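Residue numbers (this note's numbering): 254 to 686.
Glycine included, every Cβ here is placed at the ideal spot set by N, Cα and C.
Small disclaimer: the values here were computed from a predicted structure and weren't measured.
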Amino acid sequence: MEKESQIISDNTIERRDRKMELMEERHRNAITAFRLEQYLSKEEPLNGEYPTSRTAENREKEMVALGKLKPILDRLEESGLLVKQEKVMSSIANYIKEKVRAQRAEQDLREIIEKGGKEATPQEVGSTLFMMRLGTRPEGYIEAARREGYFVIACFNDEDYRKLSEDSDKEESGGRFHEMMDFGDFEVDTLLIKGGWINSTFLHERQHFINASVFDDFAGFNQQAVHKKNYPLLSGASQDLNTRYEDQKSMQGLNLVKDEILARIRDGSSSERATDFFDSDLYGYLQDDFSPDEQREVRALLGSIETELKNTYNVFDHFLDFKAILVYHLVDIPLLKFPERIRAVTEFLDSKIKEFLKFLDIIPNEPVGASLADKEKRDHSRRLELSITGEVYSAIDLILGIKDIEVADMEKELESARKRITLLVKELASFKV
Numbered sequence: 254m255e256k257e258s259q260i261i262s263d264n265t266i267e268r269r270d271r272k273m274e275l276m277e278e279r280h281r282n283a284i285t286a287f288r289l290e291q292y293l294s295k296e297e298p299l300n301g302e303y304p305t306s307r308t309a310e311n312r313e314k315e316m317v318a319l320g321k322l323k324p325i326l327d328r329l330e331e332s333g334l335l336v337k338q339e340k341v342m343s344s345i346a347n348y349i350k351e352k353v354r355a356q357r358a359e360q361d362l363r364e365i366i367e368k369g370g371k372e373a374t375p376q377e378v379g380s381t382l383f384m385m386r387l388g389t390r391p392e393g394y395i396e397a398a399r400r401e402g403y404f405v406i407a408c409f410n411d412e413d414y415r416k417l418s419e420d421s422d423k424e425e426s427g428g429r430f431h432e433m434m435d436f437g438d439f440e441v442d443t444l445l446i447k448g449g450w451i452n453s454t455f456l457h458e459r460q461h462f463i464n465a466s467v468f469d470d471f472a473g474f475n476q477q478a479v480h481k482k483n484y485p486l487l488s489g490a491s492q493d494l495n496t497r498y499e500d501q502k503s504m505q506g507l508n509l510v511k512d513e514i515l516a517r518i519r520d521g522s523s524s525e526r527a528t529d530f531f532d533s534d535l536y537g538y539l540q541d542d543f544s545p546d547e548q549r550e551v552r553a554l555l556g557s558i559e560t561e562l563k564n565t566y567n568v569f570d571h572f573l574d575f576k577a578i579l580v581y582h583l584v585d586i587p588l589l590k591f592p593e594r595i596r597a598v599t600e601f602l603d604s605k606i607k608e609f610l611k612f613l614d615i616i617p618n619e620p621v622g623a624s625l626a627d628k629e630k631r632d633h634s635r636r637l638e639l640s641i642t643g644e645v646y647s648a649i650d651l652i653l654g655i656k657d658i659e660v661a662d663m664e665k666e667l668e669s670a671r672k673r674i675t676l677l678v679k680e681l682a683s684f685k686v
């Protein structure tokens, strides 16, 4: 009996260690994806060069991006996930393709404006796009600019926004992503923002651009069937290869819900706001893809996701970059797996962070040096306490992926931080003796 108990214990430890290894890998991948997004978003001026995917800058970006993705691509190939591997690779090409399309549209637009004897200022770009789209000048102030593979139009007048967004009186959105918006002379992905340059709205709509135009609405990501006993109807519809029309509609609906949740996580929304949209007038179209019984399962699923997000945000709410990294933990998995993945991410990071927070336990409420008569020793002990605190929170930034360091070097840096903190703690403890 004792031997059997030992075997069970060993198996439990092995499973726990394997789970930690998987989460380490997934977290590295999520950080890599976020860093890659930041890298791709930086671009040099064209200086009159005609935009193509084969410019020196774009060739270099593609080569660097594929190099950064190599560990992920190799692992997908080893796991036999060749379709997913291809989708990850094609996302780089998609990003560059959309950027080139938008750059060409920007050049065409500048020519139109300059032929009219005007300067292509943000206000003139915005007014011209409005005119090209609707045939009239805007009523209020409007600005626009190209960024990455899209145009951003910021409307400071609500009526101008309503006309561009084509919102009904019921909808009243704060922003819209229009895939391939038609401006007559060209079509280009466009982000609309109501009320001016509002960063949270921009982040939200930009995530829709990434989901749709870079990741092809998640096509090819969900290669495995998902079976969740709490969601039997949605589980039956969660297979990419399922050909029943009703199941295809439900699968499309799940991806639309996933798209909205990721955009809301990215814009910094609370756990409640990130999941409470399904029954609103603005998102009523989402229900069209589900039967009444499936809708009930979607509501229950969103409730479960809200609970897990709330637990996550209790720990990490003040790190906006972490929310971007959380998006990349979720972007390639089915919506039905969101609750368990969010929980796994939270537990993994919480355990890693607690390993370093325990070093702060040695620091009392009153500085150790406060009881020392020698001022020099007292000052030195205070410096040690501050150094320990700084090192601990620097390590936490490293764990969360916020610190700017190569992903491959993260574990080495964490080990160095452990050693430094341990030495500092020992030195501080010597003052207690």
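Asked                                                                                                  : Found
Meets three-Cβ-pair contact criterion under 8 Å: the segment 284–293 and the segment 317–329           : yes
Short Cβ contact (9 Å threshold) for Leu299 with Gln360                                                : yes
Cβ-Cβ distance between His582 and Ala358 below 9 Å                                                     : no
Range covered by the beta strand (DSSP E) that runs through Tyr403                                     : 403–408
Sheet register partners of Met434 (DSSP bridge)                                                        : Val441
Asn475 to Asp657 span [Cα, whole Å]                                                                    : 31 Å
CA-to-CA distance, Val645 to Glu302, given in whole angstroms                                          : 48 Å
Anticipated Cβ contact below 8 Å, Ile586 with Ile558, distance rounded                                 : Actually they are not in contact, since the Cβ atoms of Ile586 and Ile558 sit about 12 Å apart, beyond 8 Å.
Straight-line Cα distance separating Ala670 from Leu494                                                : Legend: pLDDT at Leu494 = 48, less than 50; position of this residue unreliable, value from coordinates given subsequently. Spanning the two alpha carbons is a distance of roughly 47 Å.
Helix, strand or coil at Glu396 [DSSP, three-state]                                                    : strand
Ile595 (DSSP reduced to helix, strand or coil)                                                         : helix
Pair within 9 Å by beta-carbon distance, Val580 and Arg279                                             : no
Nearest to Tyr566 (by Cα), restricted to the options Asp603, Leu589, Ser544                            : Asp603
Rounded separation between Val336 and Met504 - CA only                                                 : 18 Å
From Gln540, Leu555, Gly506, residue whose alpha carbon lies closest to that of Ser524                 : Leu555
Exposure of Asn508, with buried meaning 16 or more beta-carbon neighbours within 10 Å                  : buried
Pro485 burial status per 10 Å Cβ neighbour count (16 or more: buried)                                  : exposed
Short Cβ contact (9 Å threshold) for Val479 with Ile446                                                : no
Pairwise C-alpha distance: Ala397 and Ala577                                                           : 25 Å
heavy atom of the ligand ATP below 8 Å from Glu372 C-beta                                              : As for the ligand ATP, it is missing from this structure, which has no ligand bound.
The segment 402–417 contacting the segment 379–394, beta-carbon criterion three pairs below 8 Å        : yes
Minimum C-alpha distance to Phe430 - residue among Ala346, Val441, His461                              : His461
Option in Glu313, Tyr348, Ala373 with minimal Cα separation from Ser466                                : Tyr348
Contact check, Ile244 vs Ile616, beta carbons under 9 Å                                                : Examination of residue 244 is not possible in this model, given that the chain is present from 254 through 686 alone.
When Glu608, Phe601, Ala553, Phe575 are compared against Leu588, the one with the closest alpha-carbon : Ala553
Option nearest Arg519 by Cα separation, candidates Leu573, Asp470, Lys481                              : Leu573
Collapsed DSSP secondary structure at Lys371 in the structure displayed                                : coil
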